[in-house]
Amino acid sequence: MLPRPSLPRRRAMLLLAFCALCWSVAGVLTRRLEHTASLDVTFWRSFFCAATMLVLLAAQRRGNPLPAIARMGWPGLVSGAMWGTMFTSFMIALTMTSVANALVVMSVAPLLTALLGRIVLGTRLGAFDWIATLLAGAGIAWMVRDGVDGEGRLGMAIALCVPLASSAQIVVLKRLQAQVDLAPAVLVGALLSCAFTLALAWPMRLPVADLPILVLLGSVQLAVPCFLLVRAVRPLAPHEVALIALLEVVLGPIWTWLWADEAISAATLQGGLVVLGALVVNALLGRTAAPASGRAVPV
119 MLPRPSLPRR RAMLLLAFCA LCWSVAGVLT RRLEHTASLD VTFWRSFFCA ATMLVLLAAQ
179 RRGNPLPAIA RMGWPGLVSG AMWGTMFTSF MIALTMTSVA NALVVMSVAP LLTALLGRIV
239 LGTRLGAFDW IATLLAGAGI AWMVRDGVDG EGRLGMAIAL CVPLASSAQI VVLKRLQAQV
299 DLAPAVLVGA LLSCAFTLAL AWPMRLPVAD LPILVLLGSV QLAVPCFLLV RAVRPLAPHE
359 VALIALLEVV LGPIWTWLWA DEAISAATLQ GGLVVLGALV VNALLGRTAA PASGRAVPV
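Count along the sequence shown starting at 1, add 118, and that's the number in my numbering.
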């Protein structure tokens, strides 16, 4: 099955913003868990993500999704490995460093994606694109400046896997999804994450009281937005995808403030406004040039 036609740019941006909205509820949902350990959460979230992806792929193809997985070939394995890395690294990093440290590391994603897009795809960024990218990074750094410390350096190193994997993922999707549908790679990534965390946290526990939240984490918070992301990236430049995804970092503290009684600092609100301003600059003024060579550089 060939990929569907590309969405209009503005509609793709709105769809990606919806994806970030779904991702952003991870914190508030996790705070509601009462009996599930961190690695268990990672496993069950990936497990229910895989189950949801099987349903979505079967509905999309009106039948057995397994042939579509086989048709992806090596691009599907690469994309799946990137998904699996992202699904697993952030949760493990949070057990070894502070949330603020992890978020500061993750805020480099737009810059990494812009540089990787330039090297691999030949995508040139205009002045407003660079301004938006740097503004967004500064906004995230300002949001969490009071919580950043020198502890948990190993956790920060593990957290760095998230922007590295997400940048590579975006470039892979941009480069190859015109040739092959990479939506099933989300399922591959979820299964890889399950296999990795199962080895670390056996025997697994599934507290009945936490089951509804774990299902929501795997389906609404993870599977659905990742499935939609594969289509949303097509008309957007790589750095734009990473920029809009930063909405997750801005919205997450707001949801935990509203529904989990966690305090929100003035710096969080100020930095969030800077990030939102960067997204507006990119949406209204960003002008990404075409690749210099007129074609993408092979991966």
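We put the beta carbon where it would ideally sit given N, CA and C, even for glycine. What you are looking at is a predicted structure, and each value in this text was computed from that prediction instead of being measured.
With fewer than 16 other CB atoms across the displayed protein chains lying within 10 angstroms of its CB, Leu403 is exposed. Residues of the same chain with a CB within less than 6 angstroms of the CB of Cys279, apart from the 5 flanking positions on each side, are Thr203, Ser207 in chain order.
About 6 angstroms separates the beta carbon of Ile258 from that of Leu221, a gap short enough to meet the 8 angstroms contact definition. Take the alpha-carbon of Ala169 and the one of Pro281: they are about 25 angstroms apart.
In this structure Thr315 is buried. Its beta-carbon is surrounded by 16 or more other beta-carbon atoms within 10 angstroms. The alpha-carbon of Leu300 is positioned some 19 angstroms away from that of Phe165. The Cβ atoms of Gln388 and Trp192 lie no closer than 8 angstroms to each other.
When rounded, the separation of the alpha-carbon atoms in Ala138 and Ser285 is 16 angstroms. Secondary structure at His153: coil, using DSSP grouped into helix, strand and coil.
Short of 8 angstroms from the beta carbon of Ala176, and not among the five residues preceding or following it, lie these beta carbons of its own chain, in chain order: Asn182, Pro183. Pairing Ser156 with Met209 gives a Cβ-Cβ distance under 8 angstroms. With a cutoff of 8 angstroms on beta-carbon distance, Leu335 and Arg163 are scored as near each other.
Around Leu305, the same chain offers Ala168, Met171 as residues with beta carbons nearer than 6 angstroms, after the five sequence neighbours per side are excluded. A direct Cα-to-Cα measurement between Cys140 and Val342 gives close to 8 angstroms. By the Cβ-count criterion, Leu310 is buried, with 16 or more other Cβ atoms from all chains shown falling within 10 Å of its own Cβ. Non-local beta-carbon contacts of Arg149 in its own chain, meaning distances under 7 angstroms to residues more than five positions away in sequence, involve Thr374, Ala378 in chain order.
Going by C-alpha positions, Pro185 is about 10 angstroms away from Pro302. Excluding five sequence positions before and after Val223, the CB atoms of its chain that fall closer than 6 angstroms to its own CB belong to Met274, Ala277, Leu278, given in chain order.
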